[in-house]
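First up is the structure itself, then whatever we jot down about it.
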Amino acid sequence: MQSAVLKVEKVDKLIGRKMILQDISIDIGQGEIVGLLGPNGSGKTTLIRLIVGLMKKKKQWQHHDQWIFTR
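Residue numbers (UniProt numbering): 1 to 71.
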């Protein structure tokens, strides 16, 4: 596997009292094509919003071999 261009580790997202995402990890290598599939309400859009920065996150992310720490 090539080096990861996007690495997400153990992401949780709680909105109100509802756990939307729990312990999600993704490792995407350079040149990989990835599909994000799941039923309605499973957190696909929430995960994308977290990755692109439209929602706050409290975990570490890696992008092009650089760790990004957020709180």
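Just so you know, even glycine gets a beta-carbon here, dropped at the ideal spot from N, CA and C. Owing to the predicted nature of the structure, the values given are computational and were not obtained by experimental measurement.
Tell me the DSSP secondary structure of residue i in three-state form.
i	result
L21	strand
L47	helix
V11	strand
residue 73	The first residue shown for the chain is 1 and the last is 71, placing residue 73 beyond what the model contains.
Which whole-angstrom value describes the C-beta separation of residue i and residue j, a residue pair presumed to lie in contact below a C-beta threshold of 8 Å?
i	j	result
L21	K13	4 Å
V11	L37	Not a contact, Cβ separation roughly 17 Å.
Given this structure, state the Cα-to-Cα distance separating residue i from residue j, to the nearest angstrom.
i	j	result
I33	P39	20 Å
M19	S42	10 Å
V8	G31	17 Å
I48	I24	12 Å
S3	I26	13 Å
G35	K44	10 Å
L54	G16	17 Å
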